[in-house]
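Below is one structure; the comments refer to it alone.
Protein chains: 2
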Amino acid sequence: MLSYTEENYLKALFKICSQCEGRPEAGTNEMAAYLGVKPATATDMFKKLKEKGLVDYERYGKISLTEIGKKNALTILRKHRLWETFLYQKLDFSWDEVHEVAEQLEHIQSEKLVSKLEDFLGYPEFDPHGDPIPKANGDMPPAVKMILSDLKAGESCRVVAVKDTSVLFLQYLKRLGISIGTKITVIEKVSFDGSLQISIDEQETRNVSVKFADSLFVAK
Amino acid sequence: MLSYTEENYLKALFKICSQCEGRPEAGTNEMAAYLGVKPATATDMFKKLKEKGLVDYERYGKISLTEIGKKNALTILRKHRLWETFLYQKLDFSWDEVHEVAEQLEHIQSEKLVSKLEDFLGYPEFDPHGDPIPKANGDMPPAVKMILSDLKAGESCRVVAVKDTSVLFLQYLKRLGISIGTKITVIEKVSFDGSLQISIDEQETRNVSVKFADSLFVAK
DNA sequence: TAATTAAGTTAGATTAATCTAACAAATAAA
DNA sequence: TTTATTTGTTAGATTAATCTAACTTAATTA
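The listed protein sequences derive, respectively, from chains H and D.
Residue 194 in my numbering sits at position 194 of the first sequence, and the numbers go up by one each step.
Residue 1130 in my numbering sits at position 130 of the second sequence, and the numbers go up by one each step.
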C-alpha cells in the first residue's frame, strides 16, 4: 500500500507528464518545485518509488511512470475528481473550493467507497472543472481539446472545462460570471497583443488576455 | 492543528472516559492497549498532548481530557458519526462496514465540509448504530440508556442502538436479522445462566447470551 | 511491613519524510 | 573546448511516531 506522500508524488508526476504530449518524463527540480519540497527530498523519494516499481529513474536522469505507477496515479485522479463532483453537485461547494478538500479525500482507502460514490453520482464523465474522470478500469473519457484562443472573430462557443485550475483563475471566472456551460462569443481579436474582445452569455462585453483565452476549454 | 495520530489519542481517551460514569480518566496501559501501541509510545504522546493543553497528566498518574481536549474529541466524534450516517444512508453501506471507512474520513480537515454534510443529511441526531451525533457547538443529543437485559419476561422493545460496535457483533446481528428498529420480545429469562429467550420481529425465536443482551440498547 | 506483581517511564534505536549545505554531473555559453 | 550555469545527488541532521529492553514507582498480598 502507498503512503499519502507517495500517492502525491505519483499524482504530480502523472500531471506533469500528461501536460504536454511527447514529454512523458519530468526532472527532479521540476517535480520538487511542483510539490513544494526541496530537490534533495524528491531524489530520495524517486529512489524509493523506483524500488517499488512505480517509476523509471536513473541517477541524473529524467523520471517517468511505469505502467503500474500510471495505474496508481489514475486511481488517485479518479478519486480526486469523483470527490470534486460530489462536493460540487451534492454539497453545494463552489468551483474554486472543491480542489483543496478533494486533495484530502482522494487518499481515503476503500475501493467500495469509490465505486459506491461513483454510482451515487450517476457515473459522471467529467468533474466540475470539465476534466475527464477515469473509469475503474483505467479508461479515460476523451479530454476536450479546443481552447478559447482557437476561435476566430465572430465565432461562438460554450465553456466545457478549465485548463488552469488555480484558485486565482477560478475566482476570476466567478467574478466574470463564467462557469461550465457559459456561452462566449469572440467579437474581435486585437492583433496588437492577441487579446480578445468577448461577450459573456450574449450580455456583458469584456477584453481578456491571451493567457486567459489559453486557459479555457470550449466547444462550438 | 492536530495530527492524525493526536486526534486518535484524543478520541480514544474520550471514549474510555465516557464509558463508565464517575471514571473520567484512563491509565497508560489501558489506552495503549486500546490504541494498539506499546505503553512507552502512549507515555510520550501524553507528554506531548499535555504540552498542547489537551490532557491533564502527571508522571505515574491517570490521564484525562481538558476542556479543550474534550472539545476536540467531540469534533472528531461528530465527523465520524456524520460520515457513518452518510455511508449508510446515501451510499448503501451496511451496518458493519461503515466504521472502518469513517475512521479515515473523520480526519479530513474542513469545517465547511462537515456543516455541508450535516445539512445534506438533514441534521441527523443519531448515527446508524444509534449513537448520538454531537452538534457543531458541542451539544450531544441524550444517549439512550436502557439495554435489552433490563427487560422483564414478557416485555417488548425496539432496538435503538448497539453498545458494542465490533464487526463480529454487528455481523452476528445481521445474521439474526436484527437492526435499528427491529422489535424484540423477551419470552423468558433463563435463571440458570441469565440467557434470554427472545422473539425477533414477532417471528423467529432465539436464545441469546447475557453478553448479547448487554450489548443492545433498546426502547420500550 | 516487606516482598511480589502490576503499571508506568526512560533511554536508545528505527522508519518516513523532510531539511541544509556541500558536492558532482550535465548542459549551455563564451 | 574551457568555463559558467543549471540541474541533480550525497551526507548529515531533524521531527513525529513507533519499538524494545531496562528501570522505577505504585499497588497488592502474604
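Just so it is clear, CB atoms sit at the ideal spot from N, CA and C, and this is done for glycine as well.
Cα-Cα, which of D/V1055, D/F1093, D/K1183, D/S1179 is closest to D/G1130?
D/S1179
Secondary structure at D/V1162, three-state DSSP: helix, strand or coil? strand
Q. Nearest to D/A1136 by CA position, among D/M1146, D/A1143, D/G1194, D/V1114, is which residue?
A. D/V1114
query = Does the distance from the CB of D/V1218 to the CB of D/L1151 come in under 9 angstroms?
reply = yes
message: Could you compute how far the alpha carbon of D/L1010 sits from the alpha carbon of D/Q1109?
response: 16 angstroms
**Asked** Using the beta-carbon count (16 or more within 10 Å), is H/N72 buried or exposed?
**Response** buried
| message | With DSSP as the reference, identify every bridge partner of D/E1188, one or two as the case may be. | response | D/Q1197
query: Apart from the five residues just before and just after D/K1163, which ones in its own chain have a Cβ nearer than 8 angstroms to its Cβ?
result: I1147, D1214, S1215, L1216, F1217
Please compile the residues from chain D whose C-beta is within a distance smaller than 9 angstroms of the C-beta of H/K135.
In chain order: nothing, as chain D lies at least about 19 angstroms away.
Q.
So, at 7 angstroms on beta carbons, what are the nonlocal neighbours of H/V160 in its own chain, with the 5 sequence-adjacent residues on each side left out?
A. G130, V144, I180, F217, V218, A219
- Item | Span of the alpha helix (DSSP H) around H/I63 | Counting along the chain, H/I63 falls outside any alpha helix (DSSP H), though it belongs to the beta strand (DSSP E) covering 63-65.
message = Could you tell me the alpha carbon to alpha carbon distance between D/K1174 and D/L1091, rounded to whole angstroms?
response = 18 angstroms
Subject >> Bounding residues of the alpha helix (DSSP H) (the contiguous stretch that carries D/D1139) >> reply: Where D/D1139 is concerned, there is no enclosing alpha helix (DSSP H), given that its DSSP letter is neither H nor E.
- Is there contact between the segment 1073-1090 of chain D and the segment 1112-1126 of chain D, where contact requires at least three CB pairs shorter than 8 angstroms? yes
- Item | the segment 160-172 of chain H: positions lying closer than 7 angstroms to chain D by Cβ | none
Item checked: Simplified DSSP state of D/A1219, which is helix, strand or coil -> strand
- [ ] Quick one: measure Cβ to Cβ for D/V1210 and D/S1166, integer angstroms, because I've assumed they're closer than 8 angstroms.
- [x] In fact, because the Cβ distance is near 17 angstroms, the residues do not count as touching under 8 angstroms.
- Query: Taking Cβ-Cβ distances shorter than 9 angstroms, what residues in chain H pair up with D/I1108?
  - Reply: V101, Q104, L105, I108
Q. For D/E1111 versus D/I1076, is the C-beta distance shorter than 9 angstroms?
A. no
Using a beta-carbon distance below 9 angstroms, is D/F1120 in contact with chain H? yes
- Task: Please name the residue or residues paired with H/S156 in a DSSP beta bridge.
- Result: H/T185
Pick from H/L65, H/D96, H/E155, H/D119: whose alpha carbon is nearest that of H/A26?
-> H/L65
Buried or exposed, going by whether 16 or more other CB atoms sit within 10 Å of the CB of H/K70?
buried
Is any beta-carbon of chain H found at less than 9 angstroms from that of D/E1241? Nothing can be reported for residue 1241 of chain D: it is not among the residues displayed for chain D, which extend from 1001 to 1220.
Can you tell me the Cα-Cα spacing of D/D1056 and H/Q89, whole angstroms? 44 angstroms
From the DSSP output, in three-state form, read off D/R1059 for me.
coil
* **Inter-residue spacing [alpha-carbon to alpha-carbon] between D/E1204 and D/R1158** => 15 angstroms
Here's the rule I'm using: 16 or more other beta-carbon atoms within 10 Å means buried, otherwise exposed. How should D/R1078 be labelled?
buried
Practice prompt. State the beta-bridge partners of D/R1206 as determined by DSSP.
Written response: D/I1198
- Task: Within the same chain, show all residues whose beta-carbon is closer than 7 angstroms to that of D/P1024, passing over the 5 residues directly before and after it, in chain order.
- Result: C1017, S1064
Residues near D/L1002 by beta carbon distance below 7 angstroms, same chain, minus five either side: N1072
Alpha carbon to alpha carbon, how far is H/S191 from H/L170?
-> 26 angstroms
Can you give me the C-alpha to C-alpha distance between D/Y1060 and D/V1101, rounded to a whole angstrom?
35 angstroms
Measuring CA to CA, which of H/K189, H/G194, H/G53, H/E103 is closest to H/N8? H/E103
request  = Name, please, each residue of chain D whose Cβ falls closer than 9 angstroms to the Cβ of H/K116.
outcome  = L1087, K1090, L1091, D1092, F1093
* Which value, in whole angstroms, describes the spacing of the CA atoms of D/T1028 and D/A1012? -> 12 angstroms
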